[in-house]
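J.: Can you keep this structure in mind? I'll have questions shortly.
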Amino acid sequence: MKPCTVLFLVAVLTASGAVRGASIAARSECDPWALRPCAPVILWSAPPSSACCARLREQRRCLCRYARNPDLGRYINSQNSKEVAAACRVRVPMC
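See the structure below:
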């Protein structure tokens with residue numbers, strides 16, 4: 001192979017790895033497991049902890065994705081969940 005071809009292939013593989021890594025990082029930002037501190041609050045109406053509120057703020061932009069998920073939607077759309085958001089002063093997006 002010519003050196004130019006090898007350099008081109010290395011550049012393409014490096015760029016595709018960077019793009020793949022960026023998309024994995026973007027997906028990892030929306031992690032429903034991050035909301036674990038809120039589970040007792042949503043399930044049993046316990047008062048929200050500071051950890052729950054912090055995680056809810058971090059995951060706010062993902063809430064619509066979670067609400068559309070058949071497994072998570074019933075929890076995200078529940079009245080308890082809305083009360084948690086209000087107690088944590090987190091505006092729930094309109095999905």
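Numbering (UniProt numbering), first residue to last: 1 to 95. C-beta: ideal position from N, C-alpha, C; glycine also. From a predicted model like this one, the values you see are computed outputs, not experimental measurements.
Mapping the DSSP letters down to three states, classify V84 as helix, strand or coil.
T.: Reduced to three states, the DSSP call for V84 is helix.
J.: Do C30 and Y66 have their CB atoms nearer than 9 Å?
T.: yes
J.: Just how far apart, CA to CA, sit P32 and Q59?
T.: Between P32 and Q59, the C-alpha separation is close to 8 Å.
J.: State the DSSP-derived secondary structure class of L63, mapped to helix, strand or coil.
T.: helix
J.: From S78 to R61, what distance separates their C-alpha atoms?
T.: When rounded, the distance between both Cα atoms is 18 Å.
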